[in-house]
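Residue numbers (the numbering used here): 1 to 431. Positions of the beta carbon are idealized from the N, C-alpha and C atoms, including for glycine.
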């Protein structure tokens with residue numbers, strides 16, 4: 001069964017967690033941003049919202065956190081469950097101001113009320129160039145909020161009071177900027193084991209640079225490569241080092257599934273209880289010539305691939321072709337795809353959004369959701385359709401963490417023409 005839990009919403013994929021479950025109350029919380037094309041129109045456009053779902057009854061309510069902040073899916077909130085049971089939501093505009101914003105619920109009920117919005121102003125460090133994203137992870141008893149900020153590099157704020165107040169920690173990486181911004185980074189950590197944060201990142205934006213994918217992790221006071229060797233003995237206390245010094249997982253131009261892949265992008269990453277790390281990477285297979293007409297360049301990237309990479313403790317990265325991801329989702333963003341999500345408690349299980357059926361390679365009228373399962377570490381996959389014959393696209397799935405016994409599957413469906421313009425609804429499947 002699939003049901004709508006918010007009739008107007010979407011999210012980007014570089015903030016986490018975008019959805020969380022509370023096993024104690026059976027509550028699911030999902031953050032998203034409303035668009036002008038959806039219900040509510042301009043009066044609701046850009047509102048940062050939470051869909052709060054009672055998983056036992058199926059009832060849901062939509063809670064606005066900030067009305068009409070900015071109509072852009074990059075502004076979706078990151079969520080955190082505090083030690084006192086209250087909820088923290090952190091969000092930022094898409095590089096159009098220098099504020100990281102946050103609110104904390106008054107009680108353990110995410111339906112509200114919520115305390116006032118507070119802000120951290122980055123402008124002294126960014127020079128007014130803006131900040132984007134929020135990613136909340138605990139490390140050694142401190143809560144970190146990773147954002148793209150100074151020089152458009154990955155930076156972090158730190159809190160020693162569970163998100164009540166924030167201070168600047170430093171830059172995680174630094175390098176000369178190429179094109180729009182620097183690396184696109186995803187993070188993974190596990191509740192109950194706050195001694196490590198895994199990091200996967202690119203060089204720059206894939207339209208500006210032929211990206212590789214790099215992995216490392218923060219632990220024992222250092223930024224480490226996949227094998228545990230130290231890249232930066234004192235991370236987040238200054239300018240940081242280049243991400244090129246981390247372990248290369250997928251090199252630009254390397255061959256996977258019998259074809260070379262280029263312009264890689266981070267899609268999802270999770271770490272299992274036994275220490276195994278898995279990620280999904282999106283990459284181009286066809287990279288056309290660079291004509292004068294930029295639109296032609298964007299439009300002609302028609303063959304994206306999903307790759308699955310896995311690292312067992314003490315082992316080496318193994319990378320496998322996962323599925324075809326089809327053409328670029330938007331005409332002006334040649335590297336956007338429907339994306340994929342790994343089950344946070346079962347790295348052998350994941351979901352992809354694609355207009356190409358992974359069972360037989362048949363083209364589909366819209367992006368559909370498929371469930372994949374592997375029994376050999378990702379070398380081969382068995383596929384099951386979650387959606388079929390849809391009238392609209394089904395995009396950007398999430399498997400919500402928080403309750404190991406109940407991991408709801410979410411996505412949004414509808415028509416999307418830009419990160420700022422979409423008529424999509426957030427749906428919950430099977431819970």
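What does residue i pair with, by DSSP beta-bridge criteria?
i: residue 372; result: 350 and 383
i: residue 12; result: None, per the DSSP bridge assignment.
i: residue 284; result: 262 and 304
i: residue 80; result: 88
i: residue 154; result: 148
i: residue 138; result: 143
i: residue 343; result: 346
i: residue 51; result: 30 and 62
i: residue 425; result: 413
i: residue 255; result: 260
i: residue 193; result: 190
Judging by CA-CA distance, which residue of the options is the nearest neighbour of residue i?
i: residue 24; options: 403, 416 and 408; result: 403
i: residue 132; options: 112, 12, 62 and 361; result: 12
i: residue 101; options: 245, 78, 285 and 217; result: 78
i: residue 158; options: 52, 122 and 167; result: 167
i: residue 52; options: 75, 87 and 36; result: 87
i: residue 47; options: 136, 9 and 134; result: 9
i: residue 318; options: 279, 353 and 284; result: 279
i: residue 94; options: 147, 50 and 228; result: 147
i: residue 277; options: 28, 400, 421 and 215; result: 215
i: residue 377; options: 337, 320 and 334; result: 320
i: residue 205; options: 283, 62, 274 and 384; result: 283
i: residue 313; options: 336, 152 and 225; result: 225
i: residue 381; options: 21, 308, 400 and 152; result: 308
i: residue 31; options: 228, 412, 421 and 175; result: 412
Is the Cβ of residue i closer than 9 Å to any Cβ of chain C?
i: residue 383; result: This model lacks chain C altogether, as it is built from one protein chain only.
Let me know if residue i comes out buried or exposed under the rule of 16 or more other beta-carbons within 10 Å of its beta-carbon.
i: residue 295; result: Residue confidence is low: residue 295 scores 38 on pLDDT, short of 50, so the model does not pin down where it sits. Its coordinate-derived value is still stated next. Result: exposed.
i: residue 253; result: exposed
i: residue 1; result: exposed
i: residue 293; result: Note on residue 293: pLDDT 45, under 50, position unreliable in the model; no value is reported.
i: residue 291; result: Model confidence at residue 291 stands at a pLDDT of 44, short of 50, so the residue's coordinates are unreliable; what they give is reported in the following sentence. So residue 291 ends up on the exposed side.
i: residue 427; result: buried
i: residue 430; result: exposed
i: residue 113; result: exposed
i: residue 73; result: buried
i: residue 234; result: exposed
i: residue 105; result: buried
i: residue 335; result: buried
i: residue 195; result: exposed
Would you grab the beta carbon distance between residue i and residue j for me? Rounded to a whole angstrom, and I think it's under 8 Å.
i: residue 185; j: residue 265; result: In fact, because the Cβ distance is near 11 Å, the residues do not count as touching under 8 Å.
i: residue 349; j: residue 310; result: Contact flag wrong, Cβ pair sits at about 13 Å.
i: residue 324; j: residue 305; result: 6 Å
i: residue 345; j: residue 407; result: 6 Å
i: residue 89; j: residue 99; result: Rounded, the Cβ-Cβ distance is 14 Å, inconsistent with contact.
i: residue 410; j: residue 19; result: 6 Å
i: residue 353; j: residue 367; result: 5 Å
For residue i, report the span of its beta strand (DSSP E) as first-last.
i: residue 3; result: 2-6
i: residue 414; result: 409-418
i: residue 31; result: 27-33
i: residue 170; result: 167-171
i: residue 318; result: 318-326
i: residue 232; result: 230-232
i: residue 218; result: 213-219
i: residue 103; result: 99-104
i: residue 178; result: No beta strand (DSSP E) contains residue 178, which DSSP labels as neither H nor E.
i: residue 21; result: 19-22
i: residue 222; result: 222-225
i: residue 131; result: Looking at the DSSP string, residue 131 is not in any beta strand (DSSP E), and its letter there is neither H nor E.
Looking at the secondary structure, which residues open and close the alpha helix (DSSP H) in which residue i lies?
i: residue 390; result: Careful: residue 390 lies outside any alpha helix (DSSP H) and carries neither H nor E.
i: residue 123; result: 123-126
i: residue 43; result: 41-44
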